[in-house]
Amino acid sequence: MATLPQIAVLGAGIFVKTQYIPRLAEISHLFCLKYIWSRSEESSRGAVEIAKQHFPGVECKWGDQGLNEIMQDSSLIGTAVVLAGQVQVDISLKLLKAGKHVIQEKPAATGIPEIETALASYKSVCTNPGQPIWAVAENYRFEPAFVESKKLVAGVGDMMNVQVTIEGSMNRSNPYFSSSWRRNFEGGFILDMGVHFIAGLRMMVGCEVTSVSAITSHVDRTLPPPDIISSNFKLENGCSGVFVMVVSSSSPKIIWRVVGSKGTVQVERGKVDGKHGYMVSLYSADGQCKSTFHPFCGVHEELKIFIHDIVQANLKQGNDYEAEPRSSFLEGARDVAVLEAMLESGSKGGTLVNVKKF
1 MATLPQIAVL
11 GAGIFVKTQY
21 IPRLAEISHL
31 FCLKYIWSRS
41 EESSRGAVEI
51 AKQHFPGVEC
61 KWGDQGLNEI
71 MQDSSLIGTA
81 VVLAGQVQVD
91 ISLKLLKAGK
101 HVIQEKPAAT
111 GIPEIETALA
121 SYKSVCTNPG
131 QPIWAVAENY
141 RFEPAFVESK
151 KLVAGVGDMM
161 NVQVTIEGSM
171 NRSNPYFSSS
181 WRRNFEGGFI
191 LDMGVHFIAG
201 LRMMVGCEVT
211 SVSAITSHVD
221 RTLPPPDIIS
231 SNFKLENGCS
241 GVFVMVVSSS
251 SPKIIWRVVG
261 SKGTVQVERG
271 KVDGKHGYMV
281 SLYSADGQCK
291 STFHPFCGVH
301 EELKIFIHDI
311 VQANLKQGND
321 YEAEPRSSFL
331 EGARDVAVLE
341 AMLESGSKGG
351 TLVNVKKF
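Numbering (UniProt numbering), first residue to last: 1 to 358.
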């Protein structure tokens, strides 16, 4: 029987405890979780206590010494970096330089300057193209709803218009509301949350956003600025669209809608039979509507694919291995580039801004 690959999780916050540990537990037959690392011993031990229900052998690591031990552990081939957005790229690059494959939580970076520096650094440490693997955990690209909607969009004729409406629920009842790093993040919740919605947009339309013109505002003073963005955008296929995001509203609603010459495809976040997910609807030219509900499973899928990729890459050491492109750091960088262009335009009163290409 083949030895299971060993991985470590770096981070012990809310998302690790509520999403990573449960989702990793669902695929625990595929790998061994060896360590959970955090800046502090207390935080690491708290996450390990939860993880031990599924991974009895998992160990605590913390601080600089613990990080060094992880980097020097030759038995460890993969790492998940789930930390504050301001430090993720730096930690990821340290692990990549130590020869570890990395899946890093979104956002890919804090902005364009960090992306450019990160890509140059990554290129310098790659032993072969794409080795070690640097993935960004953008679960929206792995949600079946967006996989299906992309296929449906291809069948609705010429793309005429795209609408993305995000009315979020980032209020005091949300566990991430008090997150200090998000509040001190350039772009605040717009950037941290927004990369998900841009990823869904790019996945559906199958092409890139080339330019934007946005207006931003700050209404809810309990949130960092800006908390509202309204942007026109243009796709590389010539189609125009609108992206509207309100970080916290009293009536949350999340919709992507692509209008074609032969029909319309809509993805709407919702709940059916107690399960959260997305309703995908196809409105045909004859007035008929066909809908399918897809429960959330993107985090499960992205982690399962990352484990598969690092196993295959390890088997083919010295040879090229192409990891899942939806997970690539470049894809995550492109999401950030769109939002940064919107935020820049908003800061300049709606000036047209071209999206940086990667």
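Ideal Cβ placement from N, Cα and C applies to all residues, glycine included.
In this text the structure is predicted, and so the values were computed from the model without any measurement.
Contacts around residue i, its chain only, beta-carbon distance under 7 Å, and the 5 residues preceding and following it disregarded
| i | result |
| --- | --- |
| K17 | A47, I50 |
| K94 | M71 |
| G63 | R39 |
Residue of the options minimising C-alpha distance to residue i
| i | options | result |
| --- | --- | --- |
| F146 | S281, E322, Q53, P132 | S281 |
| G187 | P226, I305, R141, L10 | P226 |
| T110 | K290, V195, E302 | V195 |
| A199 | I228, S327, E116, G274 | S327 |
| H218 | E69, T351, P129, L343 | L343 |
| T127 | K357, A337, V338, Y321 | Y321 |
| P129 | G350, D335, K316 | K316 |
| F243 | S44, Q163, E301 | Q163 |
| P175 | D64, Q19, I27, F358 | Q19 |
| D90 | E69, S121, G99, W62 | S121 |
Rounded C-alpha distance that separates residue i from residue j
| i | j | result |
| --- | --- | --- |
| Q86 | H54 | 30 Å |
| residue 374 | V205 | No information on residue 374 is available, as it lies outside the stretch 1 to 358 that the chain covers here. |
| Q288 | K262 | 12 Å |
| S32 | S149 | The residue asked about is misnamed: residue 32 is Cys in this sequence, not Ser. Going by the C-alpha atoms only, they are around 34 Å apart. |
| H29 | E331 | 29 Å |
| P22 | C207 | 33 Å |
| K356 | P295 | 33 Å |
| K151 | P144 | 11 Å |
| Q88 | Y140 | 20 Å |
| L223 | S250 | 14 Å |
| S44 | I7 | 15 Å |
| K100 | G349 | 44 Å |
Residue interval of the alpha helix (DSSP H) (run including residue i)
| i | result |
| --- | --- |
| V195 | 188 to 205 |
| H300 | 298 to 315 |
| F146 | 144 to 153 |
| P113 | 112 to 125 |
| V48 | 41 to 51 |
Buried or exposed by the 16-neighbour rule on C-beta atoms within 10 Å, applied to residue i
| i | result |
| --- | --- |
| P132 | buried |
| residue 398 | Look at the range of the chain in this structure, 1 to 358, and you will see that residue 398 is not part of it. |
| N237 | exposed |
| V212 | buried |
| K34 | buried |
| E42 | exposed |
| P56 | exposed |
| Q266 | buried |
Boundaries (first-last residue) of the beta strand (DSSP E) holding residue i
| i | result |
| --- | --- |
| G346 | Here G346 belongs to no beta strand (DSSP E); instead the alpha helix (DSSP H) covers 329 to 347. |
| G245 | The amino acid at residue 245 is misidentified as Gly; the sequence shows Met. From DSSP, the beta strand (DSSP E) with M245 extends over 240 to 246. |
| E59 | 59 to 62 |
| L282 | 275 to 284 |
| V87 | No beta strand (DSSP E) contains V87, which DSSP labels as neither H nor E. |
| I215 | 209 to 217 |
Chain-order list of residues whose beta-carbon lies under 8 Å from that of residue i (same chain, five-residue window excluded)
| i | result |
| --- | --- |
| G157 | G260, S261, K262, G263 |
| V58 | L33, K34, Y35, I36, V48, A51, K52 |
| S284 | K262, G263, K290 |
| L352 | S211, V212, S213, S345 |
Close beta carbons around residue i, own chain, < 6 Å, minus the five adjacent residues each side
| i | result |
| --- | --- |
| E105 | V82, A137 |
| I166 | F197, M245, I254 |
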